[in-house]
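**Q** Each residue of the sequence shown is one higher than the one before, counting from 10 in this note's numbering. Positions of the beta carbon are idealized from the N, C-alpha and C atoms, including for glycine.
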Amino acid sequence: MTNISHETKLTLLYIALAFLFSVALRFIWVVQFSGYEPFYFHDQFMINTNDGYYWAEGARDLLSGTSTNPSAKEFFDTFHQLNDRSPVHSAASQLTAFFALIFPSSFESIIFYMPVFLSSLIVITIILIAKSLKNLEMGLIAALLASIAWSYYNRTMIGYYDTDMLNIVLPMFLLWSIIWAIQTNKNIYLLLTALDILVYRWWYPQSYSLEFSFFGLILVYTLFFDKKNIYNYKLLSIMLFAMMGLDGFTRAGLVLVSFYILNKKQFDQYIYYILGLAITIFLISGGLSPIIGQLENYIFHDSVSVADKGLGLHFFTVMQTIREAGHIPFETFANRISGHTVTFIISFIGYLYLLYKHRIMLFSIPLVGLGFLAYVGGLRFTIYAVPILAFGVAFLITEFASKMPTKKLKVLSMIMFTLAVLYPNYKHIDEYRVPTVFNTQEVQVLETLKNIAQREDYVISWWDYGYPIRYYADVKTLVDGGKHSGSVNFPVSYILTHPQEVAVKMAILDVEYTEKTFLFREKYKEEIKDKNITVFSNIEQITKDYDLNDTNDFLALLGTDIELPKKTRDIYFYLPFKMLNIYPTVTVFSNINLMNGKQGKQPFFFMSRNFKDAGDVVDLGSGVRLNKKDMSITIGKDTLKLRRFVQTAYKADKTYAVHEQLLDFQSNLSLIYLSSYNMFLLVDEKVYNSLYIQLMILDKYDKKLFEKIIDNPYAKVFKLKV
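As structure tokens, then:
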């Protein structure tokens with residue numbers, strides 16, 4: 010039996026300690042909310058990220074049946090209905106379904122706990138990289154810090170079921186294999202590097218830019234510092250074969266064939282031909298287009314997008330409303346990477362010193378660069394810099410400890426400084442009490458809807474709720490967390506924020522044209538791919554089909570008795586109470602002149618939960634006061650009359666009561682007191698007459714148009730009758 014070296018034993022011990030530490034701190038959330046019923050459904054914790062329901066839907070559909078179709082793509086297509094956007098082809102869904110088959114746990118438990126164990130694998134890569142630098146203690150400290158640092162924890166905590174649970178683990182494995190490849194020149198690392206790229210691309214298709222950055226650094230290193238080393242060209246060649254813009258099975262085949270050839274000494278004389286072939290296929294199969302696309306999406310985005318052809322419509326882009334895609338303050342940037350501004354500064358200094366002492370770590374620059382992109386591109390990127398900057402502070406700690414006169418002082422100093430950098434991150438974890446996406450009663454609404462609606466029916470709601478709706482109700486949606494461009498958001502925003510009659514017409518048109526467009530895309534997919542046929546947005550195609558050239562004319566037409574397409578399926582409206590919090594944002598997407606991009610005047614919407622009754626006056630906050638004597642409203646220095654005062658409440662028998670007091674029809678403002686929610690709404694007539702306010706808040710729905718099928722304080726569901 011082979012003796013295991015002391016270094017290997019220590020490596021395994023440190024990995025085990027760091028892994029257990031990472032897992033244990035992620036269970037703090039479970040301890041905090043254990044027994045809290047609103048976070049449970051069917052006696053299982055629910056997840057706390059909207060996007061998780063997307064992958065869960067795909068895994069659920071994969072587990073729902075079997076297929077004998079030999080074609081991989083068609084095989085997965087048999088598990089779901091057409092045009093339902095179920096991600097059965099995604100790695101996250103496939104891996105989840107696999108785990109659900111082999112582990113004796115409920116599906117809900119698997120998706121809830123997966124992030125804990127998969128994300129904690131990062132400690133392995135960190136400690137292995139440290140081993141290559143002959144500094145295992147640095148690896149342990151860096152692994153402890155990186156595994157719980159703010160942004161890494163936030164996006165991999167328990168219940169945060171999303172691709173982030175491996176999005177940093179896999180590139181860190183790639184960095185490790187590249188470092189060991191350059192250091193050892195062993196052929197096994199050629200294969201490991203290529204396989205990691207294959208797995209990384211399978212798991213996260215957007216990984217292309219990071220892979221190419223690693224490739225670029227190796228190329229620069231080779232040309233300027235080690236151009237006579239044949240091994241470097243082997244590494245570049247096999248990376249290119251793995252990075253091609255081809256399907257995964259083809260790339261895997263190319264990698265295996267190329268590794269077989271590159272592993273043979275007699276083929277070394279042909280290495281430049283092999284590299285040339287790899288470059289040629291690489292360029293033909295896609296080139297740099299994915300990188301350009303990502304930069305356009307996250308950096309060079311405008312608040313209004315303009316269609317390239319047709320009517321040249323202008324849509325409001327969703328990137329301007331997503332916090333993770335916007336600029337962030339330096340303190341937030343530093344905290345998310347290292348847990349504290351001071352720790353970040355020390356970590357950055359330590360990282361520079363680490364680069365000076367160990368030049369091989371220059372290959373980590375792509376991860377740091379992508380992480381620092383967060384300062385201008387949005388906080389979602391900070392996660393990439395976390396493990397590398399953790400190396401920086403860990404290196405300084407071990408360097409300082411090495412100067413201690415005794416081993417005892419060395420160990421004590423490392424423990425003391427490690428606890429100091431870990432503590433702010435532990436405090437963050439303890440205070441970061443994220444709720445589940447939906448509470449129990451909200452999910453019960455959707456489960457009830459599942460028993461009423463058919464799988465081909467549509468449920469209209471804002472895109473924030475699209476994934477959970479599809480997962481729990483098993484229906485179709487118009488928008489969701491991945492389908493929310495300005496062109497698809499416009500009609501849904503219009504439906505929710507306009508009067509019932511015109512909203513209903515828009516709903517029927519948008520649903521039917523969504524299905525019609527899908528069938529058109531399927532029929533002419535090759536022509537569309539070759540750009541011989543242009544597919545316009547629903548709103549543009551509808552405008553053209555009514556023989557109009559101006560969307561404003563079409564919107565005006567909705568107010569008339571127009572002919573609508575035949576309804577081929579039922580349409581439901583899911584209206585959650587929580588949408589009140591984002592109502593102003595929802596309005597922005599349809600409050601725009603599509604012909605010139607000019608934003609309309611934002612409707613008046615004011616919500617108050619922290620108000621104070623001071624006798625004759627109710628202080629609603631932010632300079633807004635209700636004068637109870639004459640029922641007028643004061644906004645700053647202006648006192649205005651109210652059009653109406655409305656009070657709503659759920660009674661003991663769970664019925665919803667609405668009392669409306671008409672005051673002055675010359676006024677444009679109405680005050681609504683939602684007593685069951687202990688809050689006030691001050692809105693203008695446009696907001697007051699919107700479908701969402703009328704149906705969800707006031708329960709004033711047109712019974713000729715709608716049937717209310719589900720009603721509870723958290724959400725209401727209406728079925729379109731016409």
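Do T457 and L388 come within 9 Å of each other at the CB atom, strictly closer than that value?
**A** As a working mapping, residue 388 is identified with position 379 in the sequence shown. As a working mapping, residue 457 is identified with position 448 in the sequence shown. No. Outside cutoff.
**Q** Let me know the secondary structure DSSP gives A623 once reduced to three states.
**A** Counted from its first residue, the sequence shown places residue 623 at position 614. The answer is coil: DSSP assigns A623 none of H, G, I, E or B.
**Q** Measuring only between beta-carbons, confirm whether I227 sits less than 9 Å from chain D.
**A** Given the protein chain composition of this structure (a single chain), no chain D is represented.
**Q** By the three-class DSSP mapping on this structure, what secondary structure does P113 have?
**A** As a first step, residue 113 is located in the sequence shown; it is residue number 104 there, counting from the start. If DSSP states are grouped into helix, strand and coil, P113 belongs with coil.
**Q** Out of L154, F28, I392, A152, point me to the one whose CA is closest to F126's CA.
**A** Against the sequence shown, residue 126 aligns to sequence position 117. If we check each option's Cα against that of F126, F28 comes out closest.
**Q** Whole angstroms are fine: how far does the CA of Q675 sit from the CA of F48?
**A** Residue numbering aside, residue 48 sits at position 39 when the sequence shown is read from its first letter. Residue numbering aside, residue 675 sits at position 666 when the sequence shown is read from its first letter. Rounded to the nearest angstrom, the two C-alpha atoms are 46 Å apart.
**Q** Once the 5 residues before and after G257 are set aside, which same chain residues still bring their CB inside 8 Å of it?
**A** As a working mapping, residue 257 is identified with position 248 in the sequence shown. Excluding positions up to five away in sequence, the list reads L207, R210, W211.
**Q** Could you name the residues of the same chain whose beta carbon sits closer than 6 Å to that of Y198, not counting the 5 residues immediately before and after it, in chain order?
**A** Stepping through the sequence shown from its first residue, residue 198 is reached at position 189. Excluding residues within five positions, the ones whose Cβ falls inside 6 Å are S186, W189, A190.
**Q** Between which residues of its own chain and F582 is the CB-CB distance below 6 Å, once the five residues before and five after are set aside?
**A** If you number the sequence shown from 1, residue 582 lands on position 573. Closer than 6 Å at Cβ, skipping near neighbours: I469, F727.
**Q** Which same chain residues, not among the five before or five after A732, have their C-beta less than 6 Å away from its C-beta?
**A** A question about residue 732 goes unanswered here, because the residues of the chain that appear run from 10 up to 731.
**Q** Going by DSSP, name the residue or residues bridged to L649.
**A** Taking the sequence shown and counting its residues from 1, the one referred to as residue 649 is at position 640. Beta-bridge pairing links L649 to I642.
**Q** Can you tell me whether DSSP reads I504 as helix, strand or coil?
**A** One-based indexing of the sequence shown puts residue 504 at position 495. In the structure shown, I504 sits in a helix (DSSP, three-state: H, G or I).
**Q** Quickly, what does DSSP pair A666 with across the bridge? List them, please.
**A** What you label residue 666 is simply residue 657 of the sequence shown in a count that begins at 1. A658, per the DSSP bridge assignment.
**Q** Identify, in the order they occur along the chain, each residue of the same chain with its Cβ nearer than 6 Å to the Cβ of N600, setting aside the five sequence neighbours on each side.
**A** Here residue 600 corresponds to residue number 591 of the sequence shown, with the count starting at 1. G609.
**Q** Just grab the DSSP bridge partners of F727 for me.
**A** Along the sequence shown, one-based indexing puts residue 727 at 718. DSSP output for F727 lists F582, K717 as bridge partner(s).
**Q** Taking all protein chains shown into account, decide if E669 is buried (16 or more other Cβ within 10 angstroms of its Cβ) or exposed.
**A** For the purposes of this step, residue 669 is taken as residue 660 along the sequence shown, with counting starting at 1. Counting Cβ neighbours within 10 Å, E669 comes out exposed, since fewer than 16 surround it.
**Q** Taking only the alpha-carbon atoms, compute the straight-line gap between I719 and Q41 and give it to the nearest angstrom.
**A** Counting from 1 along the sequence shown, the entry for residue 719 is found at position 710. Counting from 1 along the sequence shown, the entry for residue 41 is found at position 32. Taking the straight line from one Cα to the other gives about 32 Å.
**Q** Identify every residue that forms a DSSP beta bridge with M616.
**A** For the purposes of this step, residue 616 is taken as the residue at position 607 of the sequence shown. Looking at the DSSP assignment, M616 forms a beta bridge with L690.
**Q** Going by C-alpha to C-alpha distance, which of G624, F112, V597, L589 sits closest to R618?
**A** For the purposes of this step, residue 618 is taken as residue 609 along the sequence shown, with counting starting at 1. Taking only the C-alpha atoms, the option nearest R618 is L589.
**Q** The ligand COA heavy atoms versus the CB of V497: any closer than 8 Å?
**A** Questions concerning the ligand COA fall outside what the structure shown contains, since it holds no ligand whatsoever.
**Q** Run the CB neighbour count on S76, radius 10 Å, all protein chains shown included, and call it buried at 16 or more, exposed below.
**A** The residue labelled residue 76 in the question sits at position 67 within the sequence shown. Unreliable placement is indicated for S76, whose pLDDT of 37 sits below 50; the coordinate value is still reported in the next sentence. S76 is exposed by the Cβ-count criterion.
**Q** What does DSSP give as the partner residue(s) for L678 in the beta ladder?
**A** As a first step, residue 678 is located in the sequence shown; it is residue number 669 there, counting from the start. According to DSSP, which records beta bridges pairwise, L678 is partnered with D693.
**Q** Identify the continuous alpha helix (DSSP H) that holds N241 and give its terminal residues.
**A** The residue you call residue 241 lines up with position 232 of the sequence shown. N241 -> alpha helix (DSSP H) spans 239-252.
**Q** So, L175 versus L130, is the Cβ gap smaller than 9 Å?
**A** For this step, residue 175 is matched to residue 166 along the sequence shown. For this step, residue 130 is matched to residue 121 along the sequence shown. Yes. Within cutoff.
**Q** Below 6 Å CB to CB, which residues in the same chain sit around S267 once its five sequence neighbours on both sides are set aside?
**A** Taking the first residue of the sequence shown as position 1, residue 267 is located at position 258. Within the same chain, S267 has close Cβ partners I247, F250.
**Q** Have a look at Y279, S115, A109, I280 and flag the residue whose alpha-carbon is nearest the alpha-carbon of F50.
**A** For this step, residue 50 is matched to residue 41 along the sequence shown. The option with the nearest alpha carbon to F50 is S115.
**Q** State the DSSP-derived secondary structure class of R634, mapped to helix, strand or coil.
**A** Here the question's residue 634 lines up with position 625 in the sequence shown. In this structure, R634 counts as strand in the three-state DSSP scheme.
**Q** Relative to the C-alpha of Q509, which residue among K695, L219, Y432, L678 is closest?
**A** In the sequence shown, the residue the question calls residue 509 occupies position 500. Ranking K695, L219, Y432, L678 by Cα distance to Q509 puts K695 first.
**Q** Beta carbon of I392, beta carbon of I37: below 9 Å?
**A** Looking up residue 392 in the sequence shown gives position 383. Looking up residue 37 in the sequence shown gives position 28. Their beta carbons are not under 9 Å apart, which means I392 does not touch I37 by this criterion.
**Q** Report buried or exposed for R260, applying the criterion of at least 16 other Cβ atoms within 10 angstroms of its Cβ.
**A** In the sequence shown, the residue the question calls residue 260 occupies position 251. R260 should be labelled buried.
**Q** Who are the near neighbours of T657 in its chain, counting only those whose CB is closer than 8 Å to its CB and skipping five residues on each side?
**A** Residue 657 sits at position 648 when you count from the first residue of the sequence shown. If we look at T657 and ignore the five residues flanking it on each side, its Cβ neighbours are Y665, A666, V667, H668, I681, Y682, L683, S684, S685, I706, L707, D708.
**Q** Would you check if the distance between the CB atom of K732 and the CB atom of V430 is smaller than 9 Å?
**A** Nothing can be reported for residue 732: it is not among the residues displayed for the chain, which extend from 10 to 731.
**Q** So for I283, helix, strand or coil by DSSP?
**A** Here residue 283 refers to the residue found at position 274 of the sequence shown. The answer is helix: DSSP assigns I283 an H, G or I state.
**Q** Consult DSSP for L629 and reduce its assignment to one of helix, strand or coil.
**A** The count along the sequence shown starts at 1 and reaches residue 629 at position 620. Residue state, collapsed to three classes: strand.
**Q** Quick one: which unbroken alpha helix (DSSP H) runs of 4-plus residues sit fully inside the region 526-608? Chain order, please.
**A** Runs found: 534-538, 547-554, 560-566, 592-597.
**Q** Short of 7 Å in beta carbon distance, which residues of its chain neighbour T20, apart from the five on each side in sequence? Order them along the chain.
**A** The sequence position of residue 20 within the sequence shown is 11, counting from 1. So the qualifying residues of the chain are I136, K140, L145.
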